[in-house]
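In the working numbering, the protein residues as written are 1 to 61. Using N, Cα and C, we set each Cβ at its ideal position, and we do this for glycine too. Structure first, commentary second.
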Amino acid sequence: YYEVLEVSRTASFETIKASYRKLALRLHPDKNKARNATRAFQRLGRAWETLKDEEKRAKYD
Numbered sequence: 001y002y003e004v005l006e007v008s009r010t011a012s013f014e015t016i017k018a019s020y021r022k023l024a025l026r027l028h029p030d031k032n033k034a035r036n037a038t039r040a041f042q043r044l045g046r047a048w049e050t051l052k053d054e055e056k057r058a059k060y061d
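Structure representation (structure tokens):
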């Protein structure tokens with residue numbers, strides 16, 4: 001998930017959040033007409049849901 005969000009494993013919550021927002025704007029299917037935009041956006045969402053929560057992130061790590 002770190003790769004999906006383009007951050008390092010040691011990234012702070014703020015860095016992860018900023019990267020998620022930047023990528024969400026770029027990958028959102030309303031903005032991105034590529035075939036795989038929906039799938040990429042969903043994957044980004046799963047990564048964000050996991051890494052934004054300290055408990056889920058600890059389990060993932």
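*In or out: leucine 25 buried (at least 16 other Cβ within 10 Å) or exposed?*
Leucine 25 should be labelled exposed.
*When the Cα of glutamate 3 is compared with those of Leu44, Ser12 and Glu55, which residue comes out closest?*
Answer by Cα proximity: Leu44.
*Count the other CB atoms, across all protein chains shown, that sit within 10 Å of the CB of alanine 34; report buried if there are 16 or more and exposed otherwise.*
Residue environment for alanine 34: exposed (fewer than 16 other C-beta atoms within 10 angstroms of its C-beta).
*What is the rounded straight-line gap between the Cα of aspartate 53 and the Cα of histidine 28?*
If you take the alpha carbons of aspartate 53 and histidine 28, they lie about 22 Å apart.
*Go ahead and label tyrosine 1 buried or exposed: buried means 16 or more other beta carbons lie within 10 angstroms of its beta carbon, across all protein chains shown.*
Classification of tyrosine 1: buried, given that the 10 Å Cβ count is 16 or more.
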